[in-house]
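With mature numbering (1 follows the signal peptide of the UniProt record, and there is no 0) applied, the sequence shown covers -22 to -1, 1 to 398.
Backbone N, C-alpha and C define an ideal beta-carbon position, used for all residues, glycine too.
Since the structure is predicted, the reported quantities are computational estimates derived from the model, not experimental observations.
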Amino acid sequence: IVYVLGFLISSTLDLKIWVMMAQLQPGCPDEKEKTTALKDLLSRIDLDELMKKDEPPLEFPDTLEGFEYIFNEKGQLRHIKTGEPFVFNYREDLHRWNQKRYEALGEIITKYVYELLQKECHLKKVTLPVDATESEPKSFIFMSEDALTNPDKLLVLIHGNGVVRAGQWARRLIINKDLDSGTQMPYIKRATEEGYGVIVLNPNENYIEVEKTKAQVQLSSDSSDEPAEKRERKDKIQKETKKRRDFYEKYRNPQKEKETMQMYIRDNGSPEEHAVYVWDHFISQSAAENVFFVAHSYGGLAFVELMIQRETEVKNKVTAVALTDSVHNVWHQEAGKTIREWMRENCCNWVSSSEPLDTLVESMLPDCPRVSSGTESHELTSWKSFPSIFKFFSEAMDAKNSSVKPAPTRRSNRIKYEEL
């Protein structure tokens, strides 16, 4: 068997030949069992999977310096020695290893951005839930010192779905472009300069992962309500399956990752729950007369869900909402007529488009106006629409004071949404 596996890894012969070789093994029970496991191996994986046997250990540095990268004065990630941008294919023909390396760097980037929010943007980290016990899973958000006491303006930032965390728009942009385009820091700094309080949501921090103990693994698979005879038969099958799996697992996946379980954070188990929780405990309690939202991608969906659940409060508190390539859908989310009407008057969605910035873009949905962000890249929409969004907020405040609604587009493109 070992000879066959070694030959399999180093050769490109047809798999059928190896199956035939396996069938010629001696007929004792142990050999039959190994032959069965080998057949199972050959039927379920391919040569690419088997080559993982030669994969380097999935062990990576835990600092930027360990990766030999640093952010330069322009906020670009560059190699310390060569000055070159980040290279994904660090090892040729090892895509899985390269991907794991990229993810490890991404986790370091997340912590680095957290530090920047506190050191450069002067935000404080606030634990969630607000009444969390010492032992329960926790999340957090960031806010300025005056977020709850500023009587005038409050800016709330919500990023999209995926691996991004508080303070980020897109991890790929941070790594491959720069901090300005990939993080929320330009928004935070400008908001601070213009007298806004700031709250940065963290909607993807929904759970913590802990390694399963053997007892937990056994408990998760145990069915105490089943009859004893059925449970014994099931246990026997599971043992046989495990034996076969363990036999080929070391060849299929030598870098086997630890088995983990997810422990969800109370009242913050999804982006939608998180948005409602932060609204109830912070935003609605703030002193600001004018609250503004910037919500990117899935963050727009989370905002619409917030409106559905807290419609009256949101209408009374929020002055304007800037969406950037939002994926919300008022039909699928069952947003009522009054919500759709409010969104038409108070929201604007800067979408990915080849048209010049702020050009009106046709929409099939009866909610808010859609204008071009000046880029066809989904990830860049928040950065490219950055100057227009603050202008939109300023006009919204002026309109509120004068009871005239703001135009969401440039003066040369001011077409009424109803006319479109």
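Which residues bound the alpha helix (DSSP H) around residue i?
| i | result |
| --- | --- |
| Ser159 | Leu157 to Gly160 |
| Lys378 | Phe364 to Ser380 |
| Val254 | Pro249 to His259 |
Which of the three DSSP states is assigned to residue i in this structure?
| i | result |
| --- | --- |
| Thr14 | helix |
| Trp147 | coil |
| Gln240 | strand |
| Glu43 | coil |
| Thr105 | strand |
| Gly314 | coil |
| Met121 | strand |
| Gly175 | strand |
| Arg69 | coil |
| Asn268 | strand |
| residue 424 | Any question about residue 424 goes unanswered here, given that the chain covers just -22 to 398. |
| Trp361 | helix |
| Leu94 | helix |
| Leu2 | Confidence in Leu2 is poor, its pLDDT being 46 and thus under 50, which makes the residue's placement too unreliable to answer from. |
| Ala110 | coil |
| Val292 | helix |
| Ser262 | helix |
Report back the beta-carbon spacing between residue i and residue j to the nearest angstrom; my notes put them in contact at under 8 Å.
| i | j | result |
| --- | --- | --- |
| Tyr242 | Pro115 | 7 Å |
| Asn76 | Phe64 | That belief does not hold up - the Cβ atoms of Asn76 and Phe64 are roughly 11 Å apart, past 8 Å. |
| Gly145 | Met121 | That belief does not hold up - the Cβ atoms of Gly145 and Met121 are roughly 12 Å apart, past 8 Å. |
| Thr290 | Phe270 | With 8 Å as the limit, Thr290 and Phe270 do not qualify as a contact, their Cβ atoms being about 19 Å apart. |
| Val305 | Ser275 | 6 Å |
| Val299 | Ala273 | 7 Å |
Does the beta-carbon of residue i have 16 or more other beta-carbons within 10 angstroms, so that it is buried, or is it exposed?
| i | result |
| --- | --- |
| Lys131 | buried |
| Val(-21) | Residue confidence is low: Val(-21) scores 40 on pLDDT, short of 50, so the model does not pin down where it sits. Its coordinate-derived value is still stated next. Under this definition Val(-21) is an exposed residue. |
| Arg348 | buried |
| Phe45 | buried |
| Gly140 | exposed |
| residue 469 | Here the chain comprises residues numbered -22 to 398, so residue 469 is not present and cannot be evaluated. |
| Tyr92 | buried |
| Arg149 | buried |
| Glu51 | exposed |
| Ser363 | buried |
| Ser366 | buried |
| Val292 | buried |
| Val282 | buried |
| Asn294 | exposed |
I'd like the span of the beta strand (DSSP E) that includes residue i, first residue to last.
| i | result |
| --- | --- |
| Ala300 | Val296 to Thr302 |
| Tyr185 | Tyr185 to Glu189 |
| Ala169 | No beta strand (DSSP E) contains Ala169, which is instead part of the alpha helix (DSSP H) from Met163 to Glu171. |
| Leu279 | Where Leu279 is concerned, there is no enclosing beta strand (DSSP E), although the alpha helix (DSSP H) it sits in stretches over Tyr276 to Gln287. |
| His57 | Leu55 to His57 |
| Trp328 | Cys325 to Val329 |
| Leu133 | Lys131 to Ile136 |
| Val142 | Here Val142 belongs to no beta strand (DSSP E), and DSSP marks it neither H nor E. |
| Val349 | Arg348 to Ser350 |
With a CB to CB cut of under 7 Å and the five nearest residues on each side skipped, what residues in its chain are close to residue i?
| i | result |
| --- | --- |
| Ser380 | none |
| Phe49 | Leu55 and Leu157 |
| Arg168 | Phe368 |
| Ser330 | Asp303, Ser351, Thr353, Glu354, Ser355, His356 and Thr359 |
| Arg143 | Thr88, Asn180, Asn182 and Glu183 |
| Glu267 | Pro129 and Asp130 |
In chain order, what residues of the same chain have a beta carbon less than 6 Å from the beta carbon of residue i, not counting five sequence neighbours either side?
| i | result |
| --- | --- |
| residue 471 | Residue 471 falls outside the range modelled here, since the chain spans only -22 to 398, and no answer is possible. |
| Trp361 | Ser159 |
| Leu133 | Ala169, Tyr174, Val176 and Phe270 |
| Gly247 | Asn184 |
Got a sec? Which residues, its chain only, sit under 8 Å from residue i by beta carbon, not counting five neighbours each side?
| i | result |
| --- | --- |
| Gln263 | Leu126 |
| Tyr47 | Leu55, Arg56, His57, Ile58, Phe64 and Leu83 |
| Leu101 | Leu95, Phe120, Met121, Ser122, Ile166, Val176 and Val178 |
| Leu72 | Glu33 and Pro34 |
| Thr60 | none |
Under 7 Å, Cβ to Cβ, is there at least one residue of chain C near residue i?
| i | result |
| --- | --- |
| Gln96 | Among the chains in the structure shown there is no chain C, since it carries only a single protein chain. |
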